[in-house]
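J.: Here you go, one structure.
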Amino acid sequence: MPLPLTQPLRLYFENPVGRILEHPDGIAWVQYQPGPRQFDHLKAFLTHTGRLLGLRGWRKLLGDQRLMAPFTPEESAWIVDYWLAHQGDDKQPLYGAVLLPHDVFARLSVSQMMHEAQAAALTYRLFEEVPAAEAWLRQLG
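Take 3 as the starting number for the sequence shown in the numbering used here and just add one per residue.
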């Protein structure tokens, strides 16, 4: 059973790709919307995620990809080669709990990208449910 939140989630940023919420346990909660994305919107979305992590000194994120459409090859390459590489600039580990997409093709694209991300700054686990993802992130301290 998840611990009750002591305060509500706070909206940090929102665009057509999704919403970035500040979780009271020091977690950037990244919620993807369904449907196709514009590449520039995805870059802005993840750039703001990185800014939130840096601003708060957080190293944990919960990627809620349950409704997400598959990543395009261009998106996957940018996330691994650019975004994740810059998140590891300070040599501190980044931890990601990823809620798997319902769409089977989106699951495949996420799994492939996460495999590539292992070489970058991200330590991650895949989850089906929010409570398990939150519990894993909480136990990291």
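Note that beta-carbon positions come from the ideal geometry of N, C-alpha and C, so glycine has one too.
Would Glu-77 pass as a contact of Leu-44 if the rule is Cβ separation under 8 angstroms?
T.: As a working note, residue 77 is residue 75 in the sequence shown. As a working note, residue 44 is residue 42 in the sequence shown. For Glu-77 and Leu-44, yes; Cβs fall inside 8 angstroms.
J.: If we call anything under 8 angstroms between Cβ atoms a contact, is Phe-129 one with Val-106?
T.: On the sequence shown, position 127 is the one that residue 129 refers to. On the sequence shown, position 104 is the one that residue 106 refers to. No, Cβ-Cβ distance for Phe-129 and Val-106 is not below 8 angstroms.
J.: Nearest by alpha-carbon distance to Trp-85: which of Ala-108, Gln-67 and Gly-56 is it?
T.: Taking the first residue of the sequence shown as 1, we reach residue 85 at position 83. Among Ala-108, Gln-67 and Gly-56, the Cα nearest to that of Trp-85 belongs to Gly-56.
J.: Judging by CA-CA distance, which residue of Ile-29, Leu-11, Gly-20 and Tyr-14 is the nearest neighbour of Gln-141?
T.: On the sequence shown, residue 141 is found 139 positions in, with the first residue counted as 1. Minimum Cα distance to Gln-141 is reached at Ile-29.
J.: What is the rounded straight-line gap between the Cα of Ala-87 and the Cα of Pro-10?
T.: On the sequence shown, position 85 is the one that residue 87 refers to. On the sequence shown, position 8 is the one that residue 10 refers to. Their backbone Cα atoms lie some 31 angstroms apart in a straight line.
J.: What residues match up with Tyr-84 in a beta bridge as DSSP calls it?
T.: For this step, residue 84 is matched to residue 82 along the sequence shown. Answer by DSSP bridge pairing: none, since Tyr-84 is not bridged.
J.: Going by other Cβ atoms of all chains shown within 10 Å of its Cβ, with 16 needed for buried, is His-25 buried or exposed?
T.: Here residue 25 corresponds to residue number 23 of the sequence shown, with the count starting at 1. Buried: at least 16 other Cβ atoms inside 10 Å.
J.: Check whether the Cβ atoms of Leu-63 and Thr-51 sit closer than 8 angstroms, and answer yes or no.
T.: Translated into the one-based positions of the sequence shown, residue 63 becomes position 61. Translated into the one-based positions of the sequence shown, residue 51 becomes position 49. Closer than 8 angstroms, so yes.
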